[in-house]
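The structure appears below as structure tokens.
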Amino acid sequence: MIYILWLLSILGVFCWLKFRQRRRIQELTDLIDQLYQKDYQIPMKQDDFSQLEDQIYKLFIELVEEKEKVQQLSQDQSQNIEDIAHQIKTPITGMLFALENDKTDPATLSQQLNRLNDLSNALLKLASLDNNLESFKLSPVHLREVVDYALDILSDEIEDHGIVVDINIGEAVMLGHFNWLSEAVINILKNAINQEGTRRIWLRARENPIYLELSIQDDGGGIAEGKQKKIFQRFYKDPDSKGFGIGLAMAKRIVEKHQGQISCRNTDQGAEFILQFYK
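Residue numbers (this note's numbering): 1 to 279.
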């Protein structure tokens, strides 16, 4: 009798374990269905299956995030292609109009061709940044040398606009890529130069134990509140702007490549761009 009871007990425990196992397997199946329905509630049970549940949950979330990244990348690429086509269309339309009306003014055609060339160069630089086509090796860089180089490149434009530049950089040194940092500063300075009413530009540097900060400020009247974040978007520009809407987006990408951040705000004089490079 005792032997029979012992066997029945063993059988009962076995059946209970099998039932529990099947139930937990069903719960795992339900969890997967639940995740597909975008119900991301985390299971709270703690047993032998909990670790498997956690792994399923983490894997699914990673797959969802990766899918969203791919979808966003696809949307961004489609938007970029549309924007590039629009940018190319403008100078080409101008040249076709001139040819159709037998107004092939060499100066006008040259201007449109130069614009296409500038757009091509800007897009190639953006592609190089996005795809890491150029080695981004960092080395000690004197910020004053970067600023001086950028100002030298833009010296004719600064002189033509009658702009006075005030520099207070000091001996600030950071780990960076000289050419790309110069490109970022050039693009921000171009934006300041092209602001209507700009007569003075200030460049200041300060640092603390956490970051090195470069401020580029102008007295051109500032940027509308609703546009201060949009100006860093690719191909965003005012309708009256003669640019491509690429320069500030490129500056932002370069700063981010240096593990930094860029922001814009209005001051009493005009707009101020603040570049922070963390140490």
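All C-beta atoms, glycine included, are put in the ideal place defined by N, C-alpha and C.
Beta bridge counterpart(s) of residue i as assigned by DSSP
i: residue 195; result: Bridge partners of residue 195: none, in fact.
i: residue 211; result: 278
i: residue 265; result: 272
i: residue 202; result: 166 and 217
i: residue 140; result: 175
Residue closest to residue i, alpha-carbon to alpha-carbon, out of the options
i: residue 122; options: 259, 263, 186 and 260; result: 186
i: residue 214; options: 59, 221 and 169; result: 169
i: residue 154; options: 182, 271, 217 and 226; result: 182
i: residue 180; options: 67, 268, 247 and 66; result: 247
i: residue 233; options: 148, 275, 263 and 161; result: 263
i: residue 144; options: 117, 204, 268 and 210; result: 204
i: residue 191; options: 210, 171 and 221; result: 221
i: residue 209; options: 92, 59, 276 and 195; result: 276
i: residue 249; options: 265, 230, 224 and 269; result: 230
i: residue 171; options: 161, 146, 159 and 160; result: 146
i: residue 257; options: 148, 131, 60 and 106; result: 131
Beta-carbon proximity check, residue i vs residue j, cutoff 8 Å
i: residue 212; j: residue 279; result: yes
i: residue 243; j: residue 252; result: no
i: residue 255; j: residue 184; result: yes
i: residue 177; j: residue 125; result: no
i: residue 245; j: residue 235; result: yes
Residue i (DSSP reduced to helix, strand or coil)
i: residue 273; result: strand
i: residue 247; result: helix
i: residue 222; result: coil
i: residue 175; result: strand
Same chain, Cβ closer than 7 Å to residue i, five either side skipped, listed in chain order
i: residue 163; result: 193, 198, 199, 200 and 201
i: residue 206; result: 213
i: residue 69; result: none
Cutoff 8 Å; reference residue i; Cβ partners in own chain excluding five residues on either side
i: residue 141; result: 173, 174, 175, 176, 177, 178 and 181
i: residue 267; result: 217 and 222
i: residue 196; result: 220 and 221
i: residue 118; result: 244
i: residue 106; result: none
Chain-order list of residues whose beta-carbon lies under 6 Å from that of residue i (same chain, five-residue window excluded)
i: residue 166; result: 202
i: residue 261; result: 276
i: residue 269; result: 219
i: residue 228; result: 264
i: residue 66; result: none
i: residue 259; result: 278
Distance cut-off 7 Å: residue i Cβ against heavy atoms of the ligand ATP
i: residue 229; result: Ligands displayed in this structure: none; no statement on the ligand ATP is therefore possible.
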